[in-house]
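Chains as they are written, first to last, in our numbering: chain D, 1 to 136; chain Z, 1001 to 1062. Yeah, the Cβ is synthetic: ideal placement off N, Cα and C, and Gly gets one too.
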């Protein structure tokens, strides 16, 4: 029974690796197609939505990394607070970005830049934490 | 004493495994959502964007 569980746990990541490159290329190609003004399928709101969706996916993955790191009970409370604060700031910035995109109004550079800056800050804090914990 | 150490080790391994599988599941779902958009060659709908944003917000509140 234990061998079966171990085999399944090891097989899952291998199965996930399968067509990973195809998926990444397909997604990149869709973004290019929707955001290229030369493309027949170009549409500014669709382009904004696909870029935002991409960014939201990145944040979701960062949240999962955060949860993995927080599984270590020895992380100091002040570090946990710092990570949570960075996450909250990223989510607030992304909510502003999301509301702007979904309203159909033009999205300003300032809105996009604020989200990117908050996301990079959240990511950097997680990288620092992972380095300290030797979990990278 | 030895049982307590063993229990802690097993507990730690289970926690790591559950966390790992949870992360893999989330990433798999994200991949599937993107794959669907690629197959249908379209941008996400407003509802799909909003749903993902809400998942993110729910994880902060959790």
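{"Item": "Can you give the Cα-Cα distance for residue 1045 of chain Z and residue 1007 of chain Z, rounded to whole angstroms?", "Value": "48 Å"}
{"Item": "When you compare each of D/76, D/131, D/72 and D/92 to residue 1063 of chain Z by their alpha carbons, which one comes out closest?", "Value": "There is simply no residue 1063 of chain Z to check, as chain Z begins at 1001 and stops at 1062 in what is shown."}
{"Item": "Under DSSP, the alpha helix (DSSP H) around residue 68 of chain D begins and ends at which residues?", "Value": "44 to 70"}
{"Item": "Looking at the structure shown, is residue 121 of chain D part of a helix, part of a strand, or coil, going by DSSP?", "Value": "helix"}
{"Item": "Looking at residue 30 of chain D and residue 69 of chain D, is the spacing between their C-beta atoms short of 7 Å?", "Value": "no"}
{"Item": "Considering residue 84 of chain D, what are the terminal residues of the alpha helix (DSSP H) in which it resides?", "Value": "77 to 103"}
{"Item": "CA-CA distance, residue 1003 of chain Z and residue 1013 of chain Z?", "Value": "15 Å"}
{"Item": "Strictly below 9 Å CB to CB, what residues from chain Z border residue 120 of chain D?", "Value": "What residue 120 of chain D touches in chain Z: nothing, since even the nearest Cβ is about 16 Å away."}
{"Item": "CA-CA distance, residue 1038 of chain Z and residue 76 of chain D?", "Value": "42 Å"}
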